[in-house]
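For the sequence shown, the working numbering assigns the number 6 to the initial residue and increments by one for each residue that follows.
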Amino acid sequence: MIASPTGGGLVVEVQGVLWSLPRQGGTAAALTSPELEPARLAWSPDGARIAVCGYRGGGFHVWTMDPDGSRLRQLTSGPWDDRGVAWSPDGSRIAFASERGGDPVAGSAYRIWTVDVRSGELVRLTGDPGVEDYDPTWCPDGERLVFVRADASGGRTLASVPADGGPVSVVRTVDSGTLVGPAVSADGRVAYVHVGGVDAFPAHAAGAALVVDGEPVTDGEDVSPLPPCWTADGELWYVADGQVKVRRPSTAAAPERVPFSAELDVPRPTYGRKRYDFDSTEPRQVRGIHLPVLSPDGRSVAFAALNALWVLPIGGRPRRLLQARPTRYVQMPSWAPDGRSVLYSYDGGEDGLIAVHRHWLDTGRDEVLAPGGRLNPVLSPDGTALACQDSTGNLLVRDLATGAEKTLVAPLGGNGLPGRPSWSPDGRFLAFCDRNRLNQRFREGYNIIRVVDTATGRWTAHQPMPHASLSDRGNGGPVWSPDGSAMAFVMESALWVMPVRPDGAPAGDPRRITDEAADHPSWSGDSRTLLYESSGRLRLVDRDGSGRRAVRVPLTYHRRLPSKSDITRVHAGRLWDGTGEAVHHDVDIVIRGNRVVAVEPHRTGRSGDELVDASGSTVIPGLWDSHTHPWQYTYGGRQTSLMLAYGVTTTVSLGGFAHEGVRIRESAAAARMAAPRLFATGELIDGSRVGYSMGRAHRTPDGVRRTLHRAVALDHDFVKTYVRASARVMRQAAHTAHRELGVLSGSHLLSPGVNVGQDLTTHLQATQRSEYGRACSPTGHSYQDVLETYRGGAFRIIVTPFTALPLLGADPALAEDPRVTHLMAPWDAAHVQRLAATPPPPAALRAISEETALYRDILAEGGVLAVGTDAPLTPTGLHLHLGLRALHHHGGLSAAEALRTATATPAELFGVADDLGTLEPGKLADLTAFDGDPFQNFDDLVRTSWVMRDGIIHRRDDLVAAFPTGLAQRGDHTDWLDVSRQLRREPCCAQHEFPH
6 MIASPTGGGL
16 VVEVQGVLWS
26 LPRQGGTAAA
36 LTSPELEPAR
46 LAWSPDGARI
56 AVCGYRGGGF
66 HVWTMDPDGS
76 RLRQLTSGPW
86 DDRGVAWSPD
96 GSRIAFASER
106 GGDPVAGSAY
116 RIWTVDVRSG
126 ELVRLTGDPG
136 VEDYDPTWCP
146 DGERLVFVRA
156 DASGGRTLAS
166 VPADGGPVSV
176 VRTVDSGTLV
186 GPAVSADGRV
196 AYVHVGGVDA
206 FPAHAAGAAL
216 VVDGEPVTDG
226 EDVSPLPPCW
236 TADGELWYVA
246 DGQVKVRRPS
256 TAAAPERVPF
266 SAELDVPRPT
276 YGRKRYDFDS
286 TEPRQVRGIH
296 LPVLSPDGRS
306 VAFAALNALW
316 VLPIGGRPRR
326 LLQARPTRYV
336 QMPSWAPDGR
346 SVLYSYDGGE
356 DGLIAVHRHW
366 LDTGRDEVLA
376 PGGRLNPVLS
386 PDGTALACQD
396 STGNLLVRDL
406 ATGAEKTLVA
416 PLGGNGLPGR
426 PSWSPDGRFL
436 AFCDRNRLNQ
446 RFREGYNIIR
456 VVDTATGRWT
466 AHQPMPHASL
476 SDRGNGGPVW
486 SPDGSAMAFV
496 MESALWVMPV
506 RPDGAPAGDP
516 RRITDEAADH
526 PSWSGDSRTL
536 LYESSGRLRL
546 VDRDGSGRRA
556 VRVPLTYHRR
566 LPSKSDITRV
576 HAGRLWDGTG
586 EAVHHDVDIV
596 IRGNRVVAVE
606 PHRTGRSGDE
616 LVDASGSTVI
626 PGLWDSHTHP
636 WQYTYGGRQT
646 SLMLAYGVTT
656 TVSLGGFAHE
666 GVRIRESAAA
676 ARMAAPRLFA
686 TGELIDGSRV
696 GYSMGRAHRT
706 PDGVRRTLHR
716 AVALDHDFVK
726 TYVRASARVM
736 RQAAHTAHRE
746 LGVLSGSHLL
756 SPGVNVGQDL
766 TTHLQATQRS
776 EYGRACSPTG
786 HSYQDVLETY
796 RGGAFRIIVT
806 PFTALPLLGA
816 DPALAEDPRV
826 THLMAPWDAA
836 HVQRLAATPP
846 PPAALRAISE
856 ETALYRDILA
866 EGGVLAVGTD
876 APLTPTGLHL
886 HLGLRALHHH
896 GGLSAAEALR
906 TATATPAELF
916 GVADDLGTLE
926 PGKLADLTAF
936 DGDPFQNFDD
946 LVRTSWVMRD
956 GIIHRRDDLV
966 AAFPTGLAQR
976 GDHTDWLDVS
986 RQLRREPCCA
996 QHEFPH
């Protein structure tokens, strides 16, 4: 917020809109539209103009406007972010922090810059290596600027630089926490916000104080991480406890609170909801064609679908090479250079780790080439070496004759694997898609082409165009042509071909050869033809873009359901049907086929029915996890098996590779996978920069158009935008979700999400594009504006209680459960066991209480709240129980209230309440049975004995038995905890992180 330098009113930013209000408070008037997304404000010295940092168009830039919001003018532009404005005392320049002037491939740190208000001339003031400089403010004489400088430990230094550049001097340092938003008074006093450190993971910041010249002037206030504002007469304006406040630091007087009200009309979208047919067993065309790859002779295609590995002779019918067991997962096919065998990754071994297999087409012989967690296999052109990745994304080369394996390079960052490697024709280089990180303030970067010399390990990196990302790191290239002259890749959701030199460096501009959505490119051996997938359909195209033709895949599946003549009678000792608080005792749930037909008092002696004895158990509707990410490329079949083993019968993907999501949805429906029902989506729709491998990068409207067209063609069940998608893209995605699919749309962003027609947020708060989130403060507190947004349920929330993770330490036996020791991925098991070894500290328990208190208030105000986990970023299956325990034990929800967030509420939210969410006649037979009584001891909820999905039972013990021996029992000595740390580096949502 800022106060007028001429003694007029105030301008505040609330939920992404600027508002003006009188100095004494009152009714605020909106000045800007949500699309501007203003942050970090500065008033010109004469009070005639206001500078803001705005995100309109998909990047942060400097804008100015009149105090009434008129005459909006953009001062900076380009692909770099410009943040944190400050107006010079003479009114001629605006200072800001920017990455501009750096390298979009090698990276670019934030530096202090100025822009001349009249001419637009840009001048860089700082440039020391190894640091990030930001949050500038002017000294009153205009001779120097004060700013925050961050090094590897974070933003702990206030520094100063001359107004025309020069040597930087240190003003002040702190030993812990983060400094934010310095402001210098007319008499030279320096105010700033000091956000304390984190006492214990995943607790929030210990505090946030307003400080003047090193001395705190607030005590117990929750100060927002926004620059304070001095007036000429020494008043200091700031935001704390969700309120605008003003104080005079020179006195001991209490601060004055400035009350105001602001009202924004936010019409909620109305649209027809998607209709689901859960009962049809008619054949359906397979759309989940996953990772297709063209044979060297150009006559066959290998692919995965229905949890099987297939080879399709073009023009013929597919032949199944391998049907994976329901608890396992086959993926990542590639051809040997001679076309005689197909390589693939499969977790079918006894240890459950993904291994590289080779299937010989003439004999059917199958052999393991690389065990122990090996992914994305590709043979060298001479067939003697195998390139692949390990579970953390390290690029490996294995000599097939000796078995010797060497690590070439590690991935540049975290957040998912790099793309599949591709060999140069001479076998010297490997090219793959990796993500750089532009700076240390924000984790996003570009999906770049990385080329590694296999002899030396030295590597280079390239962008096809400046500031352009390959679409994602799933399987979108680069793929080196066998003649070495070009690489093919997916960018802006289209297929491109770029000429390259022998070392992989670009030799010319890329050429787009399709205008339809494209994925999974591969070359024919003569380098004349490319295969790609477009929205579930295979295409061939000549390398110049001509001759496009369809490749028919005659493959169908049908939903596997019990016969409608089959009667199953579940005798439940206790039944909570999801409709209220009551628990019914000694009842029969009568199921015909896949639907409940009656719930009635138990009676014995019924002949002809299949009887399921749950007389010692509690039965409830099948649990939902409303926020997951299919991550089978690392976890294999463990992820879905774990969900069932912990009682989950329905999962919602809120981000994953599009074709894989459809594959899993179809495989589960066809009972080819032991898996919950999946509501699928595609990649996270993002801007030109991305974080996750499953993020889809876009810098053009055409790219967004193709991605949304693909979402419709693949019949997504949700459309999600991510951190860098502009408000315009968010609005467009919501419109497509509503009008063409009839499904929900959402994002991390409370605003502008609520203002552009989205339906919900997928967390309370997670990664943001601005320096701070608008849902809760660094200390974990939320205020009236947040509660008001969710009040009444027109705008909803899926919560992911990350703070619940330390509850493992309150019940260490959870870590010894066979579902952890045998079924869980070993790196996650190590993580769980480490957390279970330490009781939750007081700071962690306070964080749980703070988070769940808001959820309780949202529900009390009629809000719609469903619970999810963000698995596998949190322990799959298990974290749902930790989250429910947090809601019950710490949030004060009754057992039934907590359970409704994982049963009836998500069914209503996703438009399937007529079929799921409660156990009533006519509903689908989705049940979860627990040993014990969670209505007497809520912790019994984790004691799942079996689940029924669509009338088919999956027993916990059978799922665990599919992985008979834990790695610890096999004498495995891998440091799985270190693997867990590597997989969780550059955290997003699974760890509290206040950006530096």
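Just so it is clear, CB atoms sit at the ideal spot from N, CA and C, and this is done for glycine as well.
Open item on the list: Which of the three DSSP states is assigned to L77 in this structure?
Closed with: coil
TODO: Report all residues from its chain with a CB closer than 6 Å to the CB of D885; omit the five preceding and five following residues, and keep chain order.
DONE: Checking the sequence, you will find Leu at residue 885 rather than Asp. Counting only Cβ-Cβ distances below 6 Å, and skipping sequence neighbours, we find D630, T874.
Open item on the list: Our contact map puts A679 next to P969 with C-beta atoms below 8 Å; I'd like the distance itself, whole angstroms only.
Closed with: About 15 Å; that fails the 8 Å criterion.
Task: Neighbour-count burial assignment, D822, 16 or more Cβ in a 10 Å radius - done: buried
- [ ] Could you give the DSSP three-state label for W501: helix, strand or coil?
- [x] strand
- [ ] Could you name each continuous beta strand (DSSP E) segment of 3 residues or more that falls completely within the stretch 741-796, going from the start of the chain to the end?
- [x] 749-752
TODO: Return the first residue and the last residue of the beta strand (DSSP E) that H634 is part of.
DONE: Careful: H634 lies outside any beta strand (DSSP E) and carries neither H nor E.
TODO: Look at the Cβ atom of L813, then the Cβ atom of R890, and state whether they are nearer than 7 Å.
DONE: no
TODO: Name the two residues that bound the continuous beta strand (DSSP E) containing V17.
DONE: 15-19
- [ ] For R533, I'd like the list of residues in its chain whose CB is within less than 7 Å of its CB, leaving aside the five on either flank, ordered along the chain.
- [x] D547, R548
- [ ] Leaving aside the five residues before and after G89 along the sequence, list all residues of the same chain whose C-beta is less than 7 Å from its C-beta, in chain order.
- [x] R45, C58, F101, A102, Y139, D140, P141
Task: Alpha carbon of H1001 to alpha carbon of T705, nearest angstrom - done: Unreliable positioning characterises H1001 in this predicted model, as indicated by a pLDDT of 28, which lies under 50. The coordinate reading is nonetheless provided below. Between H1001 and T705, the C-alpha separation is close to 30 Å.
Task: Own chain residues within Cβ distance below 6 Å of D146, not counting five before or after - done: none
- [ ] Taking all protein chains shown into account, decide if N942 is buried (16 or more other Cβ within 10 angstroms of its Cβ) or exposed.
- [x] exposed
Open item on the list: Taking 8 Å as the limit between beta carbons, can you name the residues of its chain near A674, skipping five residues before and five after?
Closed with: Y562, R564, R565, R682
Open item on the list: In whole angstroms, give me the CA-to-CA distance for G377 and A360.
Closed with: 6 Å
Task: Selection from T286, D524, R322, L914 that minimises the alpha carbon distance to G687 - done: D524
Open item on the list: Pop quiz: F800 and V759 are said to be a contact at Cβ under 8 Å. What is the actual Cβ separation, rounded to whole angstroms?
Closed with: 5 Å
Task: beta strand (DSSP E) runs contained entirely in the stretch 174-200, provided each spans 3 or more residues - done: 174-178, 183-189, 195-200
Task: Three-pair Cβ contact test at 8 Å for the stretch 737-747 versus the stretch 710-724 - done: yes
- [ ] Can you tell me the Cβ-Cβ gap for A512 and V505, rounded? I've got them flagged as a contact below 8 Å.
- [x] 5 Å
- [ ] Kindly list the residues whose CB is nearer than 6 Å to the CB of P1022, restricted to its own chain and excluding five residues on each side of it in sequence; keep chain order.
- [x] Past the boundaries of the shown model lies residue 1022; the chain is included only from 6 to 1001, so the question cannot be answered.
TODO: Inspect the beta-carbon positions of A619 and A208 and report whether they are closer than 7 Å.
DONE: no
Open item on the list: If the criterion is Cβ atoms closer than 7 Å, does the pair P567 and R322 meet it?
Closed with: no
Open item on the list: Using a Cβ-Cβ cutoff of less than 6 Å, which residues in the same chain neighbour T519 once the five nearest sequence positions on both sides are dropped?
Closed with: A499, L500
Task: For T561, three-class secondary structure by DSSP - done: strand
Task: According to DSSP, residues forming a beta bridge with H467 - done: I454
Open item on the list: Spatial neighbours of D920 within its chain, please: C-beta separation below 8 Å, excluding the five flanking residues on both sides.
Closed with: Y281, F283, A912, K928, L929
Open item on the list: Mapping the DSSP letters down to three states, classify A8 as helix, strand or coil.
Closed with: strand
Open item on the list: How far does the beta strand (DSSP E) with P969 in it extend, from its first residue to its last?
Closed with: No beta strand (DSSP E) holds P969; DSSP gives it neither H nor E.
Open item on the list: I'd like to know whether the C-beta atoms of A738 and V724 end up nearer to each other than 7 Å.
Closed with: yes
Open item on the list: With three or more C-beta pairs closer than 8 Å as the rule, is the stretch 73-92 touching the stretch 410-423?
Closed with: no
Task: Beta-carbon separation (whole angstroms), I625 vs G578, contact threshold 8 Å - done: So it is not a contact: roughly 12 Å between Cβ atoms.
- [ ] Give the secondary structure of W832 by DSSP, where H, G and I count as helix, E and B as strand, and everything else as coil.
- [x] helix
Open item on the list: In whole angstroms, give me the CA-to-CA distance for V263 and V17.
Closed with: 12 Å
TODO: Determine the contact status of A210 and V203, defining contact as a CB-CB distance below 7 Å.
DONE: yes
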